[in-house]
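The block underneath contains the structure these notes are about, expressed in structure tokens.
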Amino acid sequence: MIFGMFNEFGAQNSTPVFGAFERSLDLAGIPWTKNIDMCNVAVIWSVLWNGRMAQNKRIWDHCQQYNKPVIVLEVGGLLRNQSWKVAIGGINREAYFGERSTSTINNWLRNASQHRQKRFGLDLQPWKETASSKYILICTQHNKSHQWRHMPNIEEWLDKEIEKIRKHSSREIRIRPHPRSPISPSTIRNLNFKHKNVELQYPVRYAQTYDEFDYDTALEGAHCVISHSSNPGLQAIVAGVPAFVGKDSLAYDVANTDYSRIEDLKKPDRTQWFNDLLYTEYFIDEINNGLPLVRLLPKLEQLVLAQNK
């Protein structure tokens with residue numbers, strides 16, 4: 199098995215993550231290269247085909263053509279810029295983060311969960327009492343992301359989501375665009391004219407951070423969050439705010455799907471879901487020591503073996 203490391207197409211915050219993953223390969227005695235034709239596993243940053251990461255689409259397409267698995271490194275949703283996603287084939291529920299189904303692995307995960315929570319310093323917040331909350335928060339995604347590939351344009355998606363909401367709720371709706379994929383004020387005006395009580399909420403970057411925004415503040419007044427498959431859905435549910443998400447979201451198993459219950463939201467037990475979620479992200483020292491690599495290697499070996507048949 200030979201890995202291809204393509205850190206030249208990573209975001210500015212990707213350098214230490216790539217470095218840690220390379221060290222884990224060296225520690226395991228696994229060779230790696232910069233040549234796409236010589237590797238049978240590729241490692242890239244994100245699935246956002248935009249800016250300096252646009253070249254990753256060429257690598258992704260090559261791997262799809264030749265049936266090569268792709269490990270995707272990405273900023274985490276639990277402790278942004280502190281923990282990092284490491285998975286085969288993407289960054290959401292489509293991806294493979296490690297074995298979840300066997301009783302042996304699940305028992306180990308449950309036993310380790312308390313340590314993992316302490317490491318993250320995170321606790322599941324109690325479900326919020328949402329009856330008096332002010333607004334429904336819709337979070338959009340970057341339209342150049344692989345996650346959005348089967349979706350309509352953002353404006354059409356927003357229109358359809360608001361139509362579903364308005365059949366069952368007259369609450370204020372706030373639309374929060376992806377920080378690097380803005381929505382025009384005219385789109386909001388049109389949506390407000392058609393559906394009423396629709397406002398735009400711009401993300402505000404926290405001072406002296408690379409890309410951290412005021413989402414925690416936005417959640418304080420939210421009755422629920424609507425997000426297709428990116429981090430806002432899972433972040434909301436960890437914070438105790440119910441969410442509506444698509445099937446590709448990591449939050450899908452504990453999210454709402456029935457808009458007729460938007461004023462009577464489902465609030466399921468999230469314990470096992472949260473335990474599993476803590477094993478989708480890793481700290482730099484854990485990546486360096488090979489924790490995610492060890493969890494992914496059995497699946498990678500299967501996939502590489504299938505290439506040669």
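So for the sequence shown, the working numbering puts the first residue at 199; every next one is plus one. Heads up, the beta-carbon is just placed ideally off N, CA and C, and yes, glycines get one too.
Practice task
Tell me Cys-337's beta-bridge partners as DSSP assigns them.
Solution key: Arg-374 and Ser-425
Handout entry: Whether Thr-530 touches Phe-201 by CB criterion (9 Å)
Key = Absent from the structure is residue 530, since the part of the chain shown begins at 199 and ends at 507.
Handout entry: Gly-202 in three-state terms, based on DSSP
Key = strand
Exercise for the section: Indicate whether the contact test is met: 3 or more Cβ pairs, each with one atom in the stretch 351-366 and one in the stretch 480-497, closer than 8 Å. Expected result: no
Exercise for the section: Go ahead and label Tyr-477 buried or exposed: buried means 16 or more other beta carbons lie within 10 angstroms of its beta carbon, across all protein chains shown. Expected result: Per the 10 Å Cβ criterion, buried.
Handout entry: Beta carbon of Ser-425 nearer than 9 Å to that of Ser-458
Key = Result no, Cβ atoms of Ser-425 and Ser-458 do not sit closer than 9 Å.
Practice task
Return the first residue and the last residue of the beta strand (DSSP E) that Val-239 is part of.
Solution key: 239-243 is the extent of the beta strand (DSSP E) around Val-239.
Handout entry: Beta-carbon gap between Phe-204 and Ile-228 smaller than 9 Å
Key = Here Phe-204 is not near Ile-228, since their CB atoms are 9 Å or more apart.
Problem - Opposing strand residues paired with Val-273 [DSSP bridges] - result: Under DSSP, Val-273 forms a beta bridge with Trp-282.
Handout entry: Short Cβ contact (9 Å threshold) for Val-273 with Asp-409
Key = With contacts defined by Cβ atoms closer than 9 Å, Val-273 and Asp-409 form a contacting pair.
Handout entry: Cβ contact check for the stretch 416-435 and the stretch 331-339: 3 or more pairs under 8 Å
Key = yes
Handout entry: DSSP beta-bridge partners of Ser-343
Key = Paired residue(s): Leu-246.
Exercise for the section: Confirm, please, whether the CB-CB distance from Leu-503 to Val-284 is below 9 Å. Expected result: no
Practice task
Using the Cα positions of Ile-435 and Met-236, report the straight-line distance between them to the nearest angstrom.
Solution key: 42 Å
Practice task
Quick one: residues in its chain with C-beta nearer than 7 Å to the C-beta of Arg-378, no 5 flanking neighbours on either side, listed in chain order?
Solution key: Excluding residues within five positions, the ones whose Cβ falls inside 7 Å are His-340.
Problem - Backbone CA spacing between Leu-389 and Val-396 [nearest angstrom] - result: A straight line joining the alpha-carbon of Leu-389 with that of Val-396 spans about 7 Å.
Exercise for the section: Using alpha carbons as the reference points, say which of Tyr-294, Gly-249 and Gln-315 lies closest to Val-270. Expected result: Tyr-294
Exercise for the section: Please state whether DSSP places Trp-471 in a helix, a strand or coil. Expected result: helix
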